[in-house]
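Undergrad:
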Amino acid sequence: MFNYCPKCTSKEIIFDGEKKFHCIECNWIFYQSVAAAVLCILTFEGKILLLTRAQDPKKGFLDLPGGFVNCNENAEKALERELYEELGIHISDFTYLGSAPNTYLYANVTYHVCDMIYFAPLKHIPTNFDYSEVEKIQLMDINEINESELAFPSGIEALKIFNGKILNKIIN
Numbered sequence: 212m213f214n215y216c217p218k219c220t221s222k223e224i225i226f227d228g229e230k231k232f233h234c235i236e237c238n239w240i241f242y243q244s245v246a247a248a249v250l251c252i253l254t255f256e257g258k259i260l261l262l263t264r265a266q267d268p269k270k271g272f273l274d275l276p277g278g279f280v281n282c283n284e285n286a287e288k289a290l291e292r293e294l295y296e297e298l299g300i301h302i303s304d305f306t307y308l309g310s311a312p313n314t315y316l317y318a319n320v321t322y323h324v325c326d327m328i329y330f331a332p333l334k335h336i337p338t339n340f341d342y343s344e345v346e347k348i349q350l351m352d353i354n355e356i357n358e359s360e361l362a363f364p365s366g367i368e369a370l371k372i373f374n375g376k377i378l379n380k381i382i383n
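For the sequence shown, position 28 (counting from the first letter as 1) is numbered 239 according to the working numbering, and the numbering increases by one without interruption.
1. So within the region 348-378, which uninterrupted alpha helix (DSSP H) runs reach at least 4 residues, ignoring any that extend past its ends?
2. Using a Cβ-Cβ cut-off of 8 Å, state whether N374 counts as contacting chain C.
3. Can you tell which of L260, F279, D341 and K376 has the C-alpha that lies nearest to the C-alpha of I356?
4. According to DSSP, S310 sits in a beta bridge with which residue or residues?
5. To which residues does DSSP link T254 through a beta bridge?
6. Which residue comes first and which comes last in the alpha helix (DSSP H) that contains Y342?
7. Give the secondary structure of A286 by DSSP, where H, G and I count as helix, E and B as strand, and everything else as coil.
8. Measuring straight from C-alpha to C-alpha, what distance separates K371 and F213?
9. In whole angstroms, give me the CA-to-CA distance for S359 and I367.
10. In the DSSP assignment, what residue or residues form a beta bridge with Y295?
11. With a CB to CB cut of under 6 Å and the five nearest residues on each side skipped, what residues in its chain are close to Y242?
12. Measuring straight from C-alpha to C-alpha, what distance separates E236 and P312?
13. Measure the CB-CB distance between V324 and A248 and report whether it falls below 8 Å.
14. Quick check: what's the CA-CA separation for K218 versus F279?
15. Looking only at its chain, what residues have a beta carbon closer than 6 Å to the beta carbon of L361, apart from the 5 residues adjacent to it on each side?
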């Protein structure tokens, strides 16, 4: 992340391998924190809505709708915004399911992310989605989803959490 110290421009930066950057020359210290993100499992008639990513990272892979939380924005507002931006839908009634760690490689920088996972049923299938972000959408049975086709590990974890907390309650 740092090749030179932002304070003194020295090349003597030590990274602890997890989160701490330390300049030996001027004693500058930087702690890398995780970024916050949201994702939502949307269901329609018992199937899960998945989108195909139109942008890198992981262009062409399946994903759940969501994105990063902006500064001065709570997770719920971020999810409402992301669902509207990506799918053109307004949803404000969703259920928090849990969270999962993730990594997001963008422009050769790895962002460590904590994805907050939500669930909401859909009343209709979105038709007005943003083609610059979403190549296409599809509805899939949870058992048809191939983990290797999902963009991020947190999406796999989200489906496991959903399967345990929501789907089992609907079936039983």
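Beta carbons: idealized from backbone N, C-alpha and C, even for Gly.
On a predicted model such as this, the values are computed, not experimentally measured, just so you know.
TA: In brief:
1. 364-373
2. Within the model displayed, chain C is absent; a lone protein chain is all it includes.
3. L260
4. M327
5. I259 and P332
6. Run containing Y342: none; DSSP gives neither H nor E here.
7. helix
8. 36 Å
9. 9 Å
10. Y295 pairs with nothing; no bridge assigned.
11. K230 and K231
12. 33 Å
13. yes
14. 28 Å
15. L273 and I367
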